[in-house]
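Engineer: Residue numbers (this note's numbering): 9 to 139. Beta carbons: idealized from backbone N, C-alpha and C, even for Gly. As the structure is a computational prediction, the values presented were derived from the model and not from experiment.
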């Protein structure tokens, strides 16, 4: 069985969205790595709890090994326009290559968000830790 076919438990979903610290800066890590589309939506819904509660978030979205469906993209655009772009002060993403880059560019344009792609997690964290 492909691990992407496994539905994660609510506890596993919750553990994929958490604060981490890098160089003294608190960063919201949103881990969609290797997720199925259903799990990606669940992770997005979990992340929304943080966006509803906190302001000026620095976020790292990890999309390595994951691919978004039309349903996920539509939901991300809706949340992005309504709330995420207003609550996020700085954003980085990893695992965005090929067609994912085109989809991200469309998301950024639609939502006025500024999710910046980086090649490695360390590079993304360093970017987020800078003022």
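Using only alpha-carbon positions, find the residue among 114, 57, 68, 53 that is nearest to residue 133.
Structural biologist: That would be 68, whose Cα lies nearest to the Cα of residue 133.
Engineer: Since residue 37 sits in a beta bridge, which residues does DSSP pair it with?
Structural biologist: Answer is 26, 68.
Engineer: Go ahead and pull the three-state DSSP assignment for residue 123.
Structural biologist: It is a strand residue.
Engineer: Less than 8 Å between the C-beta atoms of residue 15 and residue 47, yes or no?
Structural biologist: Result yes, Cβ atoms of residue 15 and residue 47 sit closer than 8 Å.
Engineer: What did DSSP end up calling residue 117 once you bin it into helix, strand or coil?
Structural biologist: Three-state result, residue 117: helix.
Engineer: For the alpha helix (DSSP H) containing residue 81, name the first residue and the last one.
Structural biologist: It spans 78-87 - the alpha helix (DSSP H) in which residue 81 sits, taken as one unbroken run.
Engineer: Would you say residue 128 and residue 85 are within 8 Å of each other, going by their C-beta atoms?
Structural biologist: No; because the gap between Cβ atoms is not below 8 Å, this pair is not in contact.
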